[in-house]
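K.L.:
Protein chains in written order, with this note's numbering: chain A, 1 to 169; chain B, 1001 to 1424.
Backbone N, C-alpha and C fix where the C-beta goes; we use that ideal spot for every residue, glycine too.
Here it is: the structure, laid out below.
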Amino acid sequence: EKLYHRRDRSDVRTVHSNQARVITDKHAAEVFLSRYGFIKPVNWEEAQFEGSASAFTDDFLEDFGDAVLEGSSPAWDGKDPDGASQSFISALEEFQRVSGLPVTGVFDEATKEAMNKPRCGVPDKEVDRNAAGFDLKGHISNNTSVNGSHDGDMGNTSASTHQSQAGHR
Amino acid sequence: RKHHLAALISKNRQRRDVSERGYVAFSKRLLKWRLIGEGYSSQLTVEEQRYIFRLAFRMWSEVSPLEFVEDMRSPLEDVDIRLGFGTGRHLGCNQRFDGTGQEFAHAWFLGDIHFDDDEHFTAPNTGSGISLLKVAVHEIGHVLGLPHIYRSGSIMQPSYLPQESSFEMGWMDRKAIQHLYGGCNGRFSTVFDWIRKEKTPYGEVVVRFNTYFMRDGWYWLYENRNNRTRYGDPVALQIGWHGLPKDGVDAYVHVWSRKRDTVYFFKGTRFWRYDSENDRVFTLDPEGRRYPRPISEGFPGVIGPIDTAFYDRRDSHIYFFKNALVYAFNVGANALARGFPKSIREVFPAVRRGDHPDGNIDAAYFSYTHGAVFLLKGSRFWRVAGSRERRRRLPLPRNGLLPHEEVEGQWFDICNVHPTALKL
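What follows is the structure, given as structure tokens:
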């Protein structure tokens, strides 16, 4: 048991003062889609290095908000009456598709809810490291093919009819 | 810090290579991991954290040819996979965590896994919160080279789904990792269907069987209907088979006829009789014989050690295999059949010329599921042509060996784990 000194144990209660920013609007949605590679595949391997030219960092996003990401086109270029460019809509549709949501291209409630779910921080769409030709120095050749897995992308994997209920070990 | 990280990365990248399959993956099969001291979670005890990670690594080991060992001693740069918890700016990582909610962890192909300690991680089967086990299995998948998979039931789905009472590696995830690292193969000591009688709650006596694969001091129960081993296997031999030599056996024989129902295990020059009802070896059987006994005493004419053996109910003979010879033992007469021993090629001829194991068989296995005898050697097996095959395809020699196939294509995911992972 954790050591506490207050009657109500408030000194050991986890205080969630550090809440993740809730995604509520298109700006935040675009940041989400950019972060996880839906607008442009992310060079995740290189993202470890601060200031990497081919990846974006939290600091960059925080400093510049939802401004233009290096190498990508702006989401709001005024071409769409609602302020969303085709790239944003396409990215949104892709996210909806892989998340099993109705593909509307609209930032609706279901999409908002899905974006706010707990998830892994690894991008869904990465620069294809297999096609990229890694060398021992860690530099990656220019290749922006997508390395995310969709239905049917995994070679021999196919849903088995023998998928069984998980029993106790 | 950046220079140190770069040095670590450079060193780690040399451990990765383009695999034979053309994918970037770990080039070695034994990987070391560590929960780093500066990265403990504040929510679970260190022992709980380490146990959960041991289990997570073991789950991948059970479905791939990879083995994982916790390494607390080597220099950190020699550890392949480093795990740690942090919040916000953490562990020298450039990707800051976002606080409670949304991102719960991330992983790098270099081998580092970071968990957001602002999330409410919980131990398995503790109700609410985020299962650390499930997240760890997912992130280890990334370290090994798997991307996100958008299929229901996959552990590699990007979003966290509240855990059911337990979760296990499904077919899709198994094949995904094997796509990168290949399937599991290796020699077996013996393979058999263990038959026993049980009483139902209604008092009816039923006959059940389970399939077992044994390799040295370990065994797996194979679930034929699910095309995989039982979750959590392999298990140490002495846990499930009381009284057998802990380093394994050479053969299993079940003599099952109207008059006899006797199970034997063979190892070296000796054999044991197994008490299936009480699930342990006999030290003294009902007939007053003590075990273990010399093989030559129990089976005159057969000299151990043997490679393997099986009982053929068609002719009530035990077929013992030793090097390139076969000894057919007449159980009723308690003596070798006339003319034996014979060459294995004579008793089990090749159906396709040149396609024959040529002796030194690892396991001879009669499968009730397939209704056939299989001879296993290395990563291959040969099915013995039975009456069904002989009716369909003439002429087939009696006991002919059909062309070989790969064991891993018939019995799936019989994978080793590191010895330290046998007991978590």
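Contact defined as beta carbons within less than 8 Å: I believe R1111 (chain B) pairs with D1080 (chain B). What is the distance between those atoms, to the nearest angstrom?
P.N.:
Residue mapping note: residue 1111 (chain B) aligns to position 111 of the second sequence, counting from 1. Residue mapping note: residue 1080 (chain B) aligns to position 80 of the second sequence, counting from 1. Here residue 1111 (chain B) turns out to be Gly, not Arg, going by the sequence shown. The pair is a contact, with the Cβ atoms about 5 Å apart (cut-off 8 Å).
K.L.:
Helix or strand or just coil, what does DSSP make of M1072 (chain B)?
P.N.:
As a first step, residue 1072 (chain B) must be located in the second sequence, where it is residue number 72. If DSSP states are grouped into helix, strand and coil, M1072 (chain B) belongs with coil.
K.L.:
Between the alpha carbons of F1209 (chain B) and A1309 (chain B), how many angstroms are there, rounded?
P.N.:
As a position in the second sequence, residue 1209 (chain B) is number 209, starting the count at 1. As a position in the second sequence, residue 1309 (chain B) is number 309, starting the count at 1. Approximately 19 Å, taken between the alpha carbons.
K.L.:
Does any C-beta atom of chain B lie closer than 8 Å to the C-beta of A20 (chain A)?
P.N.:
As a working note, residue 20 (chain A) is residue 20 in the first sequence. Closer than 8 Å: yes.
K.L.:
Is N1416 (chain B) near P1234 (chain B), with beta carbons less than 8 Å apart?
P.N.:
Start at 1 with the first residue of the second sequence, and residue 1416 (chain B) comes out as number 416. Start at 1 with the first residue of the second sequence, and residue 1234 (chain B) comes out as number 234. The answer is yes: Cβ separation under 8 Å.
K.L.:
Taking DSSP as the reference, what is the three-state secondary structure of H1138 (chain B)?
P.N.:
Taking the first residue of the second sequence as 1, we reach residue 1138 (chain B) at position 138. Helix.
K.L.:
Using DSSP with H/G/I as helix, E/B as strand and the rest coil, what is E30 (chain A)?
P.N.:
Here the question's residue 30 (chain A) lines up with position 30 in the first sequence. It is helical.
K.L.:
Return the first residue and the last residue of the beta strand (DSSP E) that V1263 (chain B) is part of.
P.N.:
Position 263 of the second sequence holds residue 1263 (chain B). Start and end: D1261 to K1267.
K.L.:
Identify every residue that forms a DSSP beta bridge with P1294 (chain B).
P.N.:
Position 294 of the second sequence holds residue 1294 (chain B). Beta-bridge partners assigned by DSSP to P1294 (chain B): B:R1270.
K.L.:
Could you tell me which chain A residues have their CB closer than 8 Å to the CB of T1087 (chain B), listed as they occur along the chain?
P.N.:
The residue labelled residue 1087 (chain B) in the question sits at position 87 within the second sequence. By Cβ distance, chain A contributes N18.
K.L.:
Using the rule of at least 16 other Cβ atoms within 10 Å of the residue's Cβ for burial, across every protein chain shown, is K1175 (chain B) buried or exposed?
P.N.:
As a working note, residue 1175 (chain B) is residue 175 in the second sequence. By the neighbour-count rule (16 or more Cβ atoms within 10 Å), K1175 (chain B) is buried.
K.L.:
Would you mind stating whether D120 (chain A) and P1158 (chain B) have Cβ atoms separated by less than 8 Å?
P.N.:
As a position in the first sequence, residue 120 (chain A) is number 120, starting the count at 1. As a position in the second sequence, residue 1158 (chain B) is number 158, starting the count at 1. First, the amino acid is wrong: residue 120 (chain A) is Cys here, not Asp. A contact, by the Cβ cut-off of 8 Å.
K.L.:
Can you list, in chain order, the stretches of the beta strand (DSSP E) that have 3 or more residues and sit fully within the segment 1048-1135 of chain B?
P.N.:
1067-1070, 1081-1086, 1103-1107 and 1112-1116
K.L.:
What residues of chain A sit near Y1311 (chain B), judged by a beta carbon separation below 7 Å?
P.N.:
Mapped onto the second sequence, residue 1311 (chain B) falls at position 311. Near Y1311 (chain B) there are no residues of chain A at all, since even the closest Cβ is about 30 Å away, more than 7 Å.
K.L.:
Helix, strand or coil: which one does DSSP assign to D66 (chain A)?
P.N.:
Numbered from 1 along the first sequence, position 66 holds the residue referred to as residue 66 (chain A). Note that D66 (chain A) scores a pLDDT of 43, beneath 50, so its modelled location is shaky; the value from the coordinates is reported in the next line. Residue state, collapsed to three classes: coil.
K.L.:
State the start and end residues of the unbroken alpha helix (DSSP H) segment that holds A110 (chain A).
P.N.:
Against the first sequence, residue 110 (chain A) aligns to sequence position 110. Its alpha helix (DSSP H) spans residues E109 to M115.
K.L.:
Cα-Cα, which of B:S1131, B:T1122 and B:H1148 is closest to D128 (chain A)?
P.N.:
Residue 128 (chain A) sits at position 128 when you count from the first residue of the first sequence. Checking every option, the nearest Cα to that of D128 (chain A) belongs to B:H1148.
K.L.:
Ignore the nearest five residues each way along the sequence and tell me which others in S72 (chain A)'s own chain have a CB closer than 8 Å to its CB.
P.N.:
Here the question's residue 72 (chain A) lines up with position 72 in the first sequence. Bear in mind that the predicted position of S72 (chain A) carries a pLDDT of just 40, short of 50, making it too unreliable to give a figure here.
K.L.:
Counting along the chain, where does the beta strand (DSSP E) carrying I1195 (chain B) start and finish?
P.N.:
Start at 1 with the first residue of the second sequence, and residue 1195 (chain B) comes out as number 195. Run containing I1195 (chain B): T1190 to K1199, per the beta strand (DSSP E) assignment.
K.L.:
Spatial neighbours of D1362 (chain B) within its chain, please: CB distance less than 6 Å, with the 5 preceding and 5 following residues excluded, ordered by chain position.
P.N.:
Within the second sequence, the letter at position 362 stands for residue 1362 (chain B). So the qualifying residues of the chain are R1187, F1188, L1376 and K1377.
K.L.:
Of all the CB atoms in chain A, is at least one closer than 8 Å to the CB of D1080 (chain B)?
P.N.:
Working through the second sequence from its first residue, we reach residue 1080 (chain B) at position 80. It does not: the Cβ of D1080 (chain B) has no partner Cβ on chain A nearer than 8 Å.
K.L.:
Under 8 Å by Cβ, that's how I've got F1381 (chain B) and E1405 (chain B) pegged, so tell me the actual separation to the nearest angstrom.
P.N.:
The residue labelled residue 1381 (chain B) in the question sits at position 381 within the second sequence. The residue labelled residue 1405 (chain B) in the question sits at position 405 within the second sequence. F1381 (chain B) to E1405 (chain B), Cβ: 6 Å. Contact.
K.L.:
Does the beta carbon of A1123 (chain B) come closer than 8 Å to any beta carbon on chain A?
P.N.:
Sequence index remark: in the second sequence, residue 1123 (chain B) carries index 123 (1-based). So no, A1123 (chain B) is outside the interface.
K.L.:
Inspect the beta-carbon positions of F1109 (chain B) and V1143 (chain B) and report whether they are closer than 8 Å.
P.N.:
Counting from one through the second sequence, the residue named residue 1109 (chain B) turns up at place 109. Counting from one through the second sequence, the residue named residue 1143 (chain B) turns up at place 143. Yes. Within cutoff.
K.L.:
Taking C-beta to C-beta, are Y1291 (chain B) and V1281 (chain B) nearer than 8 Å?
P.N.:
Sequence index remark: in the second sequence, residue 1291 (chain B) carries index 291 (1-based). Sequence index remark: in the second sequence, residue 1281 (chain B) carries index 281 (1-based). Going by C-beta atoms, Y1291 (chain B) is nearer than 8 Å to V1281 (chain B).
K.L.:
At a Cβ threshold of 8 Å, is G1099 (chain B) touching chain A?
P.N.:
Numbered from 1 along the second sequence, position 99 holds the residue referred to as residue 1099 (chain B). Closer than 8 Å to some Cβ of chain A, the Cβ of G1099 (chain B) qualifies, so yes.
K.L.:
Is H1142 (chain B) close to chain A, meaning its C-beta is less than 8 Å from at least one C-beta of that chain?
P.N.:
Sequence index remark: in the second sequence, residue 1142 (chain B) carries index 142 (1-based). H1142 (chain B) counts as touching chain A.
K.L.:
Would you kindly work out how many angstroms separate the C-alpha atoms of V1347 (chain B) and H1114 (chain B), rounded to a whole number?
P.N.:
Your numbering for residue 1347 (chain B) matches position 347 in the second sequence. Your numbering for residue 1114 (chain B) matches position 114 in the second sequence. C-alpha separation (whole angstroms): 60 Å.
K.L.:
Excluding the five sequence neighbours on either side, which residues of its own chain have a C-beta within less than 8 Å of the C-beta of D1358 (chain B), listed in chain order?
P.N.:
Within the second sequence, residue 1358 (chain B) is the residue found at index 358, counting from 1. Cβ neighbours of D1358 (chain B) beyond the five flanking positions: A1324, I1344 and R1345.
K.L.:
Using a Cβ-Cβ distance under 8 Å, would N43 (chain A) count as near chain B?
P.N.:
On the first sequence, residue 43 (chain A) is found 43 positions in, with the first residue counted as 1. No, N43 (chain A) lies away from the interface with chain B (no Cβ there is under 8 Å from its Cβ).
K.L.:
Flag E30 (chain A) as yes if its beta-carbon sits less than 8 Å from any beta-carbon of chain B, otherwise no.
P.N.:
Looking up residue 30 (chain A) in the first sequence gives position 30. Not an interface residue.
K.L.:
Please report how far the alpha carbon of K137 (chain A) lies from the alpha carbon of G1248 (chain B), in whole angstroms.
P.N.:
Taking the first residue of the first sequence as 1, we reach residue 137 (chain A) at position 137. Taking the first residue of the second sequence as 1, we reach residue 1248 (chain B) at position 248. Confidence is the limiting factor: at K137 (chain A) the pLDDT is only 26, short of 50, which leaves the residue's position unreliable, though a coordinate-based value still follows. Computed Cα separation, rounded: 47 Å.
K.L.:
H952 (chain B) and I1155 (chain B) look like a contact to me (Cβ under 8 Å); what is the Cβ gap, rounded to whole Å?
P.N.:
Nothing about residue 952 (chain B) can be read from this structure; chain B reaches only from 1001 to 1424.
K.L.:
For D1247 (chain B), go through chain A and note every residue whose CB falls closer than 7 Å to its CB, in chain order.
P.N.:
Start at 1 with the first residue of the second sequence, and residue 1247 (chain B) comes out as number 247. Within 7 Å Cβ-Cβ: nothing; D1247 (chain B) doesn't reach chain A, min ~25 Å.
K.L.:
Please classify D25 (chain A): is it buried, with 16 or more other beta-carbons within 10 angstroms of its beta-carbon, or exposed?
P.N.:
Residue mapping note: residue 25 (chain A) aligns to position 25 of the first sequence, counting from 1. So D25 (chain A) counts as exposed.
K.L.:
So with Cβ pairs under 8 Å, would you call F134 (chain A) a contact of chain B?
P.N.:
The sequence position of residue 134 (chain A) within the first sequence is 134, counting from 1. Annotation note: pLDDT 37 at F134 (chain A) (below 50); position unreliable, no value reported.
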